[in-house]
Amino acid sequence: MKFFKILVITLLYVVISCTIEKTDYEAELGTEVPENYEFKEASTLTSGNYRISIESLNGTFYKGYNELHLKVINTQNNQEVTTSEVTFLPVLTSVENTSSCPHEYTLPYDTANKYYSGYSVFTSESVATANWKLYVSFTADNQKYDIAKDITVEKQSNKNLNMTSFTGTDGEQYFIALVSPQRPTVSENPLVAGIYKYNKPVTVGGIFPDASQFSYSKVNGYILKLDPRMPEPSMGNHSSPNNKDLIQQNDGLYHGVVNYTMTGNWTLNLIMMNQNGLIVKGTVVSTDFTPGTEGAKSELYIDTLF
Numbered sequence: 010m011k012f013f014k015i016l017v018i019t020l021l022y023v024v025i026s027c028t029i030e031k032t033d034y035e036a037e038l039g040t041e042v043p044e045n046y047e048f049k050e051a052s053t054l055t056s057g058n059y060r061i062s063i064e065s066l067n068g069t070f071y072k073g074y075n076e077l078h079l080k081v082i083n084t085q086n087n088q089e090v091t092t093s094e095v096t097f098l099p100v101l102t103s104v105e106n107t108s109s110c111p112h113e114y115t116l117p118y119d120t121a122n123k124y125y126s127g128y129s130v131f132t133s134e135s136v137a138t139a140n141w142k143l144y145v146s147f148t149a150d151n152q153k154y155d156i157a158k159d160i161t162v163e164k165q166s167n168k169n170l171n172m173t174s175f176t177g178t179d180g181e182q183y184f185i186a187l188v189s190p191q192r193p194t195v196s197e198n199p200l201v202a203g204i205y206k207y208n209k210p211v212t213v214g215g216i217f218p219d220a221s222q223f224s225y226s227k228v229n230g231y232i233l234k235l236d237p238r239m240p241e242p243s244m245g246n247h248s249s250p251n252n253k254d255l256i257q258q259n260d261g262l263y264h265g266v267v268n269y270t271m272t273g274n275w276t277l278n279l280i281m282m283n284q285n286g287l288i289v290k291g292t293v294v295s296t297d298f299t300p301g302t303e304g305a306k307s308e309l310y311i312d313t314l315f
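Okay, so the sequence shown: first residue is 10 according to the working numbering, each after it adds one.
Below is the structure:
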């Protein structure tokens, strides 16, 4: 009888524990996953007779990957300038120092869509002690214009667009930012990410802001091995089949496939390998079934939720 009572109490504890976990899990599932597909004006900069319009998704700068469209407009005749060399440099100033983030510095002109195209991977949100400023330059009428303006970078509330930064085994500073999908489905989803590296300066900085001190580049020819898991204790380290590692395509981004077999919290466990097949960051995750225990993670991972 005593043994029976102990058994009942133990089973009751397990049921309560699982219920608590499930309740928390379902509460997080209630989180709205925002989607933004429309480009709107996020900021304008003015110098002389010229105005620069910067468009981003939802007209907002978010932490993480931001595709940007810039237009240079002559306010005297309302004509767009299409032959200028446009440069774009985001700078973060805090109490400790100044830094930047992965970005396209020299913006190419997209003749089909009629804008200068670029991107910025903002590495942090704007706070009282650290603010972002954009430094933009262009040439018109044989004159160079330099403009600077403070901007606000908002929190990215869509975890499917999360990012991470780290130092690799080669001593270099890397950044991985999820680009899509914004709203995955229970299926095999095309997964797109950008991989970037900070280019350490080789010369002493000149007049601020010296772009050579804030240089970043796309990482080419790497492989991002993918192993998605559900980290919730109630999921028992659940994984999925038919995932495909991310490899670089012609757009410079890395493309793969992630198979989400159910909605909820997922961890994209990653191993990044260079052109020589050497691991730059990441570890293999155990495949053991671990009910009641939070799933193990690679030393390189990004969490998602849908």
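Backbone N, C-alpha and C define an ideal beta-carbon position, used for all residues, glycine too. In this text, all values refer to a predicted model and were calculated from it rather than measured experimentally.
How many Å lie between L255 and T138 at the Cα? 36 angstroms
Quick check: what's the CA-CA separation for R192 versus I216? 43 angstroms
Is the Cβ-Cβ distance between D155 and S146 less than 8 angstroms? yes
Which of the three DSSP states, helix, strand or coil, is assigned to L200? strand
Apart from the five residues just before and just after K31, which ones in its own chain have a Cβ nearer than 7 angstroms to its Cβ? Because K31 carries a pLDDT of 42, less than 50, the predicted location of this residue cannot be relied on, and the following value inherits that uncertainty. Cβ neighbours of K31 beyond the five flanking positions: S243.
Give the straight-line distance between the Cα atoms of N83 and I61, rounded to the nearest whole angstrom. 9 angstroms
Leaving out the 5 sequence neighbours to the left and right, which residues in its chain are closer than 7 angstroms to T302 when beta-carbon positions are compared? P242
Starting from F48 and walking both ways along the beta strand (DSSP E), at which residues does that stretch end? 48-56
Once DSSP output is grouped into helix, strand and coil, what is the label at K158? strand
Name, in chain order, the residues that DSSP records as bridge partners for F223. According to DSSP, which records beta bridges pairwise, F223 is partnered with nothing at all.
On the criterion of 16 or more Cβ atoms from any shown chain inside 10 Å, does Y46 qualify as buried, or is it exposed? exposed
Check L170 in the structure and name its three-state DSSP category. helix
Just the Cα atoms here: how many angstroms apart are S98 and P300? Here the sequence assigns Leu to residue 98, which means Ser is not the residue at that position. C-alpha separation (whole angstroms): 48 angstroms.
Flag this pair as touching only if the stretch 51-65 and the stretch 103-110 have three or more C-beta atom pairs under 8 angstroms; answer yes or no. no
Looking only at its chain, what residues have a beta carbon closer than 6 angstroms to the beta carbon of S65, apart from the 5 residues adjacent to it on each side? A51, N75, L77
Can you grab the Cα-Cα spacing for the pair K206 / V130, in whole Å? 11 angstroms
Residue closest to V136, alpha-carbon to alpha-carbon, out of A149, K123, L101, E113: L101
So for P117, helix, strand or coil by DSSP? coil
What is the C-beta distance between V276 and P237, in whole angstroms, given that I count them as a contact (C-beta under 8 angstroms)? The sequence as given places Thr at residue 276; Val does not occur at that position. At roughly 7 angstroms, the Cβ-Cβ gap stays under 8 angstroms, so T276 and P237 are in contact.
N86 classed as buried or exposed, judged by whether at least 16 other C-beta atoms fall within 10 angstroms: exposed
Neighbour-count burial assignment, Q165, 16 or more Cβ in a 10 Å radius: buried
Using a Cβ-Cβ cutoff of less than 8 angstroms, which residues in the same chain neighbour Y59 once the five nearest sequence positions on both sides are dropped? V81, I82, N83, T84, V90, F147, A149, Y154
For F184, does the count of other Cβ atoms within 10 angstroms reach 16, so buried, or fall short, so exposed? buried
Residue from Y125, A121, Q257, P43 whose Cα sits closest to the Cα of M281: Q257
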